[in-house]
Each structure stands twice: as structure tokens, then as C-alpha cells.
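K.L.:
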Amino acid sequence: MKFGIGILVALYCLADFSYGALVFNGDFELDPILGAGQSTLNAGTPYKWTATDPSQGPNYSGSISGVQGWNYSLPFNAGTHSDSGLGRVGLAFGLAEAGQQAYINNWNRLMSQTVTLPALNVGDRIDATIDFGTLETTGTRAGTFYLVAGTADPNNLDVFAPGSIILDSVVAANPGWTNSVADITTASGNFVQLNLSHTFTAGDVALGRPITLAFRTEFFSVGPTYWDNATLTVSAVPEPSAMVLVIVGGAVVVGRRSRKLS
């Protein structure tokens, strides 16, 4: 009997299992991409934007050249710098450590990552989270977090490629935001976790497509938005054939155990 209960527990565990840690550099703690003469961020640095042209002098030497693992448009302003990159303001948010965060100060700029996933099936669920926050009390700021079947457009990384499907999204803002209705409002200096999910159904056109996490500062958002701790997990339902195999095997073992006890 005890052995049979063990089989049932095993079957219950197999009914839903998860894949985690699927986002590369989701906490943004990896060292930034640096060019010659550039340096990493010190604690308390509000942010360093992205710059790639050494002729820009302080605009270049006081900047970084990119964020590992994430896609974003190449620097604009004649190809020299872009007001997005990394900040190190965890203490300003009341966190225990002054870790790094992604930041975007230009509106309609997108940062994204297409995640490598196991093959997905009907009934599987994907869940994504990210922390959003703002610091300054002035300005109206908002950003959107996306879960997308598709990728960013390689010709314009600030938009999604044609044919991409937004599976779920959420808009977060500071209290001063008035340009649209936010799903979540959070006070300055407070990170709030944003949550997205999608369960694949029969005939779901998103099945078989790449999955992308992305975040964007909204149009007319004035001042930096900060993003941290991006995650994506998959809760997968085993193939029916695998379940039948385990059930049959469990029935045989329980049957043999019963004969020994009789």
C-alpha cells in the first residue's frame, strides 16, 4: 500500500514540472559590455547610457557600450549614444544590495531577449516576471512589459518583427502618469513585480514560435524607468505516452507488491 502511494505521488509530480532560469542575465548583474576607456558602474551610479564613439569624449568614457544578453537598437544621435543602459541604484529602492538594473530614458525604446525553450505542447504554461520602478518624483513615467511569440524586428529592434503575437502585456507607471490607463501604479522608489502568463491551447498559433521577453518605456514617458530580475519559467505537462508508461509501470509494481503480501 505504501509503495502504491509512492507511485501516486510520483505521478502527481510528473503531472506538472517546470523549467527555470531561462533568461540570460535576467538580473542584469553581469558586467556591461565596455569599449576601450570605459568602466563598470560604481554603487550609487544612477545610470550609464550606451555610447560607442570614442570621439564623444566624456559622453563616451562615462558610458558603457552595451548590456549582455539583451537586444536593443544601436545608439542613435548620429550613431554615437543612446539614453538606455544600466544603473546601479538598488539602495535607492531600499534593496539590501546596490545591484545593477536596466534603465531606459527614451520613450518607445525596447529591450528584449528571445529565450531558448524546450519544445512546447498544448497545456504547457509560460510565466514571466520583471521588477519595474522609477525614482524621481517629477515627470510622468510608464513602461510596458511584454511576453511575445516572435522576436524583435532585426531591422528595428525597438519594434516586434512582423507576424509576432503579443501573448500578454502589462503597463506600469508612477502616480504622475496620465497619458494612458496603467494596469499597475507604483510610488517613486518602489519596485513592483509585473507578472505575465500564457497557456497554450489546441490550435494555438503561438505554438512553435520563438518566445521573447521585452520591456519598453512608453511614449511621452519623461525620465528613466528601471527594470530588474526578469524571469521566465515553463510549466510543462508530460506527453500522454509518457504518462501511460508510468501508470502502467506503476500498476505492475503495485500488483507485484500485492501478490507478495497475499
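Residues in the sequence shown are numbered consecutively from 120, following the numbering used here. Built from N, CA and C at the ideal position, the CB exists for glycine as well. Just so it is clear, the structure is predicted and the values come from calculations on it, not from any experiment.
Run through DSSP, which three-state label would S203 get?
P.N.:
Here S203 sits in strand by DSSP.
K.L.:
Distance check for G185 and V311, CA to CA, integer angstroms please.
P.N.:
Approximately 25 Å, taken between the alpha carbons.
K.L.:
So what does R335 bridge to, in DSSP terms?
P.N.:
DSSP, once it has assigned bridges, lists L229, T263 as partnering R335.
K.L.:
Given I284, which residues of its chain have a CB within under 8 Å of its CB, disregarding the five upstream and five downstream residues?
P.N.:
V267, A268, G269, V324, A325, R328.
K.L.:
Could you tell me the distance, in whole angstroms, from the CA atom of A280 to the CA atom of A162?
P.N.:
About 36 Å.
K.L.:
For T213, which of A333, A306, S354, T352 has the nearest alpha-carbon?
P.N.:
Residue identity check: residue 213 is Gly in the sequence provided, not Thr. Residue A306 is the option with its Cα nearest to G213.
K.L.:
So, for W226: in the same chain, excluding its five sequence neighbours on each side, which residues have a beta-carbon less than 7 Å away from its beta-carbon?
P.N.:
Correct list, in chain order: T336, E337, F338, F339, S340.
K.L.:
Where do the ends of the alpha helix (DSSP H) carrying N275 lie?
P.N.:
No alpha helix (DSSP H) contains N275, which is instead part of the beta strand (DSSP E) from 275 to 279.
K.L.:
Look at the Cβ atom of T263, then the Cβ atom of T350, and state whether they are nearer than 8 Å.
P.N.:
For T263 and T350, no; Cβs fall outside 8 Å.
K.L.:
Check S180 in the structure and name its three-state DSSP category.
P.N.:
Residue state, collapsed to three classes: helix.
K.L.:
Assign S182 to one of two classes, buried (16 or more other C-beta atoms within 10 Å of its C-beta) or exposed (fewer than that).
P.N.:
Buried, because 16 or more other Cβ atoms sit within 10 Å of the Cβ of S182.
K.L.:
State the Cα-Cα distance for the pair D250 and A355, rounded to the nearest angstrom.
P.N.:
Distance between the alpha carbons of D250 and A355: 25 Å.
K.L.:
Using beta-carbon positions only, say whether D202 and N224 come within less than 8 Å of one another.
P.N.:
Cβ atoms of D202 and N224: closer than 8 Å.
K.L.:
At 3 residues or longer, what runs of the beta strand (DSSP E) sit wholly inside the segment 282 to 341?
P.N.:
Fully enclosed beta strand (DSSP E) runs of 3 or longer: 284 to 292, 311 to 318, 330 to 336.
K.L.:
For Q219 versus R228, is the C-beta spacing smaller than 8 Å?
P.N.:
No, they are not a contact pair.
K.L.:
If distances are taken between C-alpha atoms only, which option among A271, T320, V353 comes closest to F334?
P.N.:
The shortest Cα separation from F334 among A271, T320, V353 belongs to A271.
K.L.:
According to DSSP, is F251 part of a helix, a strand, or is it coil?
P.N.:
F251 falls in the strand class under three-state DSSP.
K.L.:
Roughly how far, in whole angstroms, is the beta-carbon of T344 from the beta-carbon of R244, given that I think they are within contact range, below 8 Å?
P.N.:
So it is not a contact: roughly 28 Å between Cβ atoms.
K.L.:
Following the continuous beta strand (DSSP E) through Y166, name the residue where it begins and the one where it ends.
P.N.:
Per DSSP, Y166 belongs to no beta strand (DSSP E) and is neither H nor E.
K.L.:
Assuming Q220 is part of the beta strand (DSSP E), what are its boundary residues?
P.N.:
Start and end: 220 to 223.
K.L.:
Pop quiz: D150 and T164 are said to be a contact at Cβ under 8 Å. What is the actual Cβ separation, rounded to whole angstroms?
P.N.:
The pair is not a contact, with the Cβ atoms about 14 Å apart (cut-off 8 Å).
K.L.:
Distance, Cα to Cα, G157 vs S174?
P.N.:
Reading the sequence as shown, one finds Gln at residue 157 and not Gly. The alpha-carbon atoms of Q157 and S174 are separated by roughly 13 Å.
K.L.:
Less than 8 Å between the C-beta atoms of G204 and Y166, yes or no?
P.N.:
Yes, they are a contact pair.
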